[in-house]
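>
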Amino acid sequence: NMSVGGYHFVTGEFTSHRSFLPDREYGVALDNFVKGCSDMLIQNAKGQILTGKRNVHPQPDWWFVGGRMMPGESPGASCSRLLKRELSLNI
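With our numbering, letter number 41 in the sequence shown gets 101, and the count goes up by one each step, no holes.
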């Protein structure tokens with residue numbers, strides 16, 4: 061039985077501006093802003109932990125399932141979206 065949840069502090073209503081920064085500015089922003097992420101520790105009944113091998117740069121290595129949250133997205137909604145994208149699971 062799987063569940064998705066956790067603590068999440070809401071500061072107010074979110075309004076999307078749907079704007080994009082040029083690549084250089086986006087790179088600078090990523091280097092300077094805190095990014096919300098939701099990573100999941102998935103284990104089976106034997107306690108074995110699921111990890112995935114990332115094949116792309118900048119950090120090809122073994123990782124937990126997860127990734128960046130979208131603006132205005134709750135941690136639970138982010139986990140559900142990422143599980144669907146990465147493992148084809150609907151939770």
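Just so you know, even glycine gets a beta-carbon here, dropped at the ideal spot from N, CA and C.
Keep in mind the model is a prediction, meaning the values are calculated, not measured.
Helix, strand or coil, according to DSSP, for Lys113 in the structure here?
Locating residue 113 in the sequence shown gives position 53, counting from the first residue. Correct three-state label for Lys113: strand.
> When DSSP labels each residue in this structure, what does Gly87 get in the three-state scheme?
Stepping through the sequence shown from its first residue, residue 87 is reached at position 27. If DSSP states are grouped into helix, strand and coil, Gly87 belongs with the helices.
> Taking the straight line between their C-alpha atoms, what separation do you get for Cys97 and Val116?
By 1-based counting over the sequence shown, the position of residue 97 is 37. By 1-based counting over the sequence shown, the position of residue 116 is 56. Distance between the alpha carbons of Cys97 and Val116 is about 18 Å.
> Keeping to the same chain, check which residues put their C-beta closer than 8 Å to that of Ser148; ignore five residues upstream and five downstream.
Looking up residue 148 in the sequence shown gives position 88. None.
> Cα-Cα, which of Pro120, Val94, Ala105 is closest to Met130?
Numbered from its first residue, the sequence shown carries residue 130 at position 70. Here the closest residue by C-alpha is Val94.
> Could you give the first and the last residue of the continuous alpha helix (DSSP H) run that contains Ser138?
To locate residue 138, count along the sequence shown from 1; it is residue 78. Segment 135-147, the alpha helix (DSSP H) holding Ser138.
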